[in-house]
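Counting from 1 along the sequence shown, just add 307 to a position and that's the residue number in the numbering used here. Structure first, then comments.
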Amino acid sequence: MSKFDKLTELRRALPLAAAALLLVAIALPMWRITLEAPQYPDGLFVELYAYPRLEGDVAETQGLNRYVGFYYPDPVYLDPNYDVSPNAIEVPEWSVGPLAFVAVAAAGVFVALAPTVHKLKLGLTCQLAGTITVFVTMFALIQYRLHQAGHSLDPDAPMRGIDGFTPPLLGTYEIANISGLAWFGPGGYLTLIAIALLVAAYAFRNSTATVGDVPTIVSYRLERTRTWIRNRRGRDDAPRPAADDADAEVSRDD
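Dropping the structure here:
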């Protein structure tokens with residue numbers, strides 16, 4: 308089998324595809340926040356990237372945030388495309404966010420080009436574990452920074468007496484008369500797909516199936532699923548013994 312043919316194996320092709328998706332994800336918004344307030348009945352939105360950049364209704368959302376003393380963070384090492392408040396918390400890791408994506412993508416290429424099957428299997432295992440560790444750590448760190456920002460409200464904000472709060476990385480929240488929803492942006496969805504591809508590559512680590520075998524594999528899996536559902540329904544629909552028969556059986560045993 309030639310080197311090119313080896314790269315068509317799912318256990319090698321999927322990490323390459325995941326690497327490409329992660330690199331594309333850096334250029335797209337990772338996170339999207341929508342806000343609703345009485346003065347903005349149509350709502351506002353802002354999108355955040357893996358590096359210090361915001362898009363959308365940035366000025367308007369900053370105005371709402373200042374109302375309760377909440378500020379977008381200071382990335383420290385890079386100049387963002389928005390005004391940073393002196394009271395903003397410092398989040399220096401935001402400046403190096405893309406490096407995590409590049410590192411995971413580079414690992415995918417390195418694993419896909421492993422010279423032996425043994426090294427390939429080991430690489431797939433290590434990469435999946437490392438990737439999950441990297442993104443879980445990023446998720447936890449971002450959530451901590453949100454907690455930090457929500458509990459560092461400006462005491463001189465126009466609306467005072469607001470208790471500290473923790474905006475969720477994913478989900479809904481309310482503060483004063485402002486409600487928000489945080490969810491994945493396009494880059495976030497691509498990242499999830501990339502992780503799913505790495506999980507699939509690990510699942511195929513002992514298989515030489517190629518990209519061309521995907522239709523057959525999918526058809527086989529679907530047929531097995533349909534068979535399982537039919538068997539399950541058949542067991543559920545099967546007549547059960549009457550209570551009298553069961554009692555009679557117990558009497559005979561006695």
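Note that the Cβ used here is the ideal one computed from N, Cα and C, for glycine as well. Bear in mind that the values here come from a model prediction, so they are computed numbers and not experimental data.
Gly468 is not a Cβ neighbour of Met337, given a cutoff of 8 Å. Within the stretch 313-394, the complete beta strand (DSSP E) segments of 3 residues or longer fall at 338-344, 347-355 and 361-363, listed in chain order.
Per DSSP, the continuous beta strand (DSSP E) segment holding Phe491 begins and ends at Ile485 to Phe491. Out of Leu529, Arg539 and Thr315, the CA that lies nearest to the CA of Leu420 is found in Thr315.
Note on geometry: alpha-carbon atoms of Ile449 and Glu343 lie some 23 Å from one another. Closest in C-alpha terms to Ala326, from the list Val521, Ile536, Lys428 and Val416, comes Val416.
Pairing Pro348 with Ser402 gives a Cβ-Cβ distance that is not under 8 Å. Between Val418 and Leu427, the beta carbon gap of about 7 Å places them in contact (Cβ cut-off 8 Å). Taking the CA atoms as reference points, Pro474 sits about 20 Å from Tyr389. Counting the other Cβ atoms within 10 Å of the Cβ of Arg540 gives fewer than 16, which makes it exposed.
In this structure, the beta-carbon distance from Glu400 to Asp381 does not fall below 8 Å. In terms of CA proximity to Tyr374, Met466 leads the group Met466, Val521 and Ala447. Under the DSSP definition of a beta bridge, Gly478 partners with Ala489. Sequence-distant partners of Ala501 (beyond 5 residues in either direction) whose C-beta falls short of 6 Å from its own C-beta, in its chain, are Ala325, Leu328 and Leu329. The three-state reading of DSSP puts Thr534 in helix, counting H, G and I together.
Rounded to whole angstroms, the gap between the alpha carbons of Pro405 and Leu385 is 13 Å. Of the residues assessed, Phe311 falls on the exposed side of the cut-off, its CB having fewer than 16 other CB atoms within 10 angstroms. By the beta-carbon neighbour count (other beta carbons within 10 angstroms, threshold 16), Glu530 is exposed.
If you compare the alpha carbons of Tyr356, Thr498, Leu355 and Ala510 with that of Leu431, the shortest gap goes to Ala510.
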